[in-house]
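Peer 1:
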Amino acid sequence: MSYVSETLETVLQKNPGEPEFHQAVTEVLQSLEPVLEKHPEYEQAGILERITEPDRAIRFRVTWVDDAGRVQVNRGYRVQFNNAIGPYKGGLRFRPSVNFGILKFLGFEQVFKNSLTGLPIGGGKGGSDFDPKGKSDREVMAFCQSFMTELYRHIGPDTDVPAGDIGVGGREIGYLFGQYKRLRNEFSGVLTGKGLPYGGSLARTQATGYGLLYFTDALLKANEKSIAGKTVDISGAGNVAIYAAEKAIALGAKPVTMSDSTGWVHDADGIDLKAVKEIKEIRRGRMSEYIKYRPNAEYHEGRGVWTIPCDIALPCATQNELHLEDAEALVKNGCTVVCEGANMPSTLEATQYLQKNGILFGPAKAANAGGVATSALEMSQNSMRYSWTFEEVDQKLKGIMENIFANIDEAAKEYGKPRNYVSGANIAGFIKVANAMLAQGAV
Ligand code: NDP
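Printed below as a string of structure tokens:
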């Protein structure tokens, strides 16, 4: 049995009931076979066993009082996965579905993604099964303060620097930062995604969505295609989806769909982003309201974005939202490019089907790395006590995304998998971390 198959078997056995983690590890390890054949020193040093086991996984009780005066209890988590190339870095997710399996998959992916950015950041992820939806601002604040009252002892600007993710936006980061500052009596860059008046970076809000489009543009150019004039299906209507749509429009493309966890809209004339921002960013409302702004658009309950014909598909909602039948519909309707804005939005079967059918496929760990890259730029600005302009950050982001594409393209070619950007991303991300681990000995 190969080193990869043996490790994979052990990981599946040692981590029962964690399907998302199994999926992420399987995808990465399978594409590393050629690397491990060429570099036997990685097996000798137990790199695969070590890289699939988090350095530390913390779980804690979060107790808070709701508006009715009732005490509520949630679970808080932080998975510190790997800090071989820099402090742990990765978001916090507040959503009822959060558990160790999901956070381990996200933390594991984050290790490779952060490596691909070329910046000195390790990988981690955390969060809670708390649902901010429908809670008052005071309840969200009470929860965040209680969450940080435990988390603060595990993080720090040189140790672990969390950020936002699903359910954790500017409001939540503000409350978390305020409580950290109070507990430590220290004003530092311990969280990213902060507000501009207290250490945030310009362009962080836009970074993941814009970065996704810079990456998609680089991928298209390398394959003699262009983004202008293309029809784009986008899923999600959160931070990533909104700014992906904004940059797609700026580059001359036409997004025609968006969705939330209740339903989706199809606007054949092109999504009205002003309406989406008002619904989602200002009123925290539902996509069903979109047709009030655009009576000619359609709203459907449930899922169905991928049935709409498009040239480019950008899944930007959540994990495993693009299934095999969606991949089949995309191919049938003439789609040629899929780039992932969300983390692991495509199932393994869907990814394989898309690749087999000649779709240019940009995997999340490369395509959505713009968010964490800009978070690392926020950390740099905090350390320097200095702020770059929006244009400066945006230019750096564009350069980083173009570099990521160039590196994964090269790694794919070097290991005999041209245009297989899934393999390219896994290989390029892995080699840097593995070499750092080798250099640091058996720790
Ligand atoms: P948000 O919470 O801002 O938005 C998520 C969006 O996806 C919401 O519109 C949500 O709908 C929708 N959604 C969630 N679950 C489902 C579902 N099962 N079906 C359909 N729609 C769904 O999160 P982000 O935009 O920040 O994150 C989206 C994805 O991108 C996640 O996978 C995240 O890990 C990833 N990501 C985010 C980064 C960032 O910088 N923000 C960086 C890198 C990756 P509803 O409003 O109903 O909840």
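Under our numbering, the first residue of the sequence shown is numbered 1, with each subsequent residue one higher. We treat Cβ as the ideally placed atom computed from N, Cα and C, and that holds for glycine.
For Ile400, verify whether its CB is less than 8 angstroms away from any heavy atom of the ligand NDP.
Peer 2: Every heavy atom of the ligand NDP is 8 angstroms or more from the Cβ of Ile400, so no.
Peer 1: Among the candidates Ala241, Pro19, Gly211 and Glu246, whose CA atom is the shortest distance from the CA of Leu348?
Peer 2: With distances taken between Cα atoms, Leu348 lies closest to Pro19.
Peer 1: Taking the alpha helix (DSSP H) that Val422 falls in, what are its first and last residues?
Peer 2: Here the alpha helix (DSSP H) through Val422 covers Tyr421 to Ala439.
Peer 1: Counting C-beta neighbours from all protein chains within 10 Å, is the total for Leu360 16 or more, i.e. buried, or is it exposed?
Peer 2: Classification of Leu360: buried, given that the 10 Å Cβ count is 16 or more.
Peer 1: Does any heavy atom of the ligand MG sit closer than 8 angstroms to the C-beta of Gln319?
Peer 2: As far as ligands go, the structure on display features the ligand NDP and does not contain the ligand MG.
Peer 1: The ligand NDP and Thr351: does any heavy atom of the ligand fall closer than 8 angstroms to the residue's C-beta?
Peer 2: Result no, Cβ not under 8 angstroms from the ligand NDP.
Peer 1: If you drop the 5 nearest sequence neighbours on each side, which residues of the same chain put their C-beta closer than 8 angstroms to that of Leu48?
Peer 2: If we look at Leu48 and ignore the five residues flanking it on each side, its Cβ neighbours are Tyr3, Val4, Thr7, Leu29, Leu32, Leu36 and Tyr42.
Peer 1: Contact check, Ser115 vs Lys432 under 8 angstroms by CB: the rounded distance?
Peer 2: With a Cβ gap of about 5 angstroms, Ser115 and Lys432 count as contacting.
Peer 1: Suppose you measure from the CA of Trp464 to the CA of Leu202; what does that come to, to the nearest Å?
Peer 2: Residue coverage of the chain in this structure runs from 1 to 443, which leaves residue 464 outside it and unanswerable.
Peer 1: Can you confirm whether the segment 369 to 379 touches the segment 226 to 234 when touching is taken to mean that 3 or more C-beta pairs between the two stretches lie within less than 8 angstroms?
Peer 2: Result no; under three Cβ-Cβ pairs closer than 8 angstroms.
Peer 1: Rounded to the nearest angstrom, what separates Ser288 and Gly238 at their Cα positions?
Peer 2: Those two C-alpha atoms are separated by around 14 angstroms.
Peer 1: So does Ser136 have its beta carbon nearer than 8 angstroms to some heavy atom of the ligand NDP?
Peer 2: It does not: the Cβ of Ser136 is nowhere closer than 8 angstroms to a heavy atom of the ligand NDP.
Peer 1: If contacts are defined as beta-carbon pairs under 8 angstroms, then Ala342 and Ala364 qualify, I think. What distance do you get, rounded to the angstrom?
Peer 2: The Cβ separation is near 7 angstroms, so the contact holds.
Peer 1: Between Pro418 and Ile400, what straight-line distance do the alpha-carbon atoms span, to the nearest angstrom?
Peer 2: Each residue's Cα considered, the two are about 21 angstroms apart.
Peer 1: Could you check the C-alpha separation between Gly285 and Ile166 for me, to the nearest Å?
Peer 2: Rounded to whole angstroms, Gly285 to Ile166 spans 16 angstroms at the Cα level.
Peer 1: With hydrogens ignored, establish whether the beta-carbon of Asn368 is closer than 8 angstroms to any heavy atom of the ligand NDP.
Peer 2: Asn368 Cβ: within cutoff of the ligand NDP.
Peer 1: Which ranges would you report for the beta strand (DSSP E) in the segment 81 to 148 if only whole runs of at least 3 residues count?
Peer 2: DSSP runs (the beta strand (DSSP E)) wholly in the segment 81 to 148: 88 to 94 and 123 to 128.
Peer 1: Measuring CA to CA, which of Glu109, Phe21, His154 and Tyr77 is closest to Phe430?
Peer 2: It is Glu109 whose Cα lies nearest to the Cα of Phe430.
Peer 1: To the nearest angstrom, how far is it from the Cα of Leu196 to the Cα of Gly334?
Peer 2: Leu196 and Gly334: Cα-Cα distance of roughly 42 angstroms.
Peer 1: Looking at Thr52: is its Cβ nearer than 9 angstroms to the Cβ of Val98?
Peer 2: No, they are not a contact pair.
Peer 1: Roughly how many angstroms separate the alpha carbons of Leu354 and Leu251, rounded to a whole number?
Peer 2: Their backbone Cα atoms lie some 25 angstroms apart in a straight line.
Peer 1: Helix, strand or coil for Phe409? Go by DSSP, reduced to three states.
Peer 2: Residue identity check: residue 409 is Asp in the sequence provided, not Phe. Here Asp409 sits in helix by DSSP.
Peer 1: With which residues is Thr231 paired in a DSSP beta bridge?
Peer 2: Note: Thr231 sits in a beta bridge opposite Lys254.
Peer 1: Cβ of Cys316 versus every heavy atom of the ligand NDP: is any distance shorter than 8 angstroms?
Peer 2: Because some heavy atom of the ligand NDP lies under 8 angstroms away, the Cβ of Cys316 counts as near it: yes.
Peer 1: Is it the case that the segment 113 to 128 contacts the segment 80 to 97, given that we only count it when at least three CB pairs across the two stretches are under 8 angstroms?
Peer 2: Yes, the segment 80 to 97 is in contact with the segment 113 to 128.
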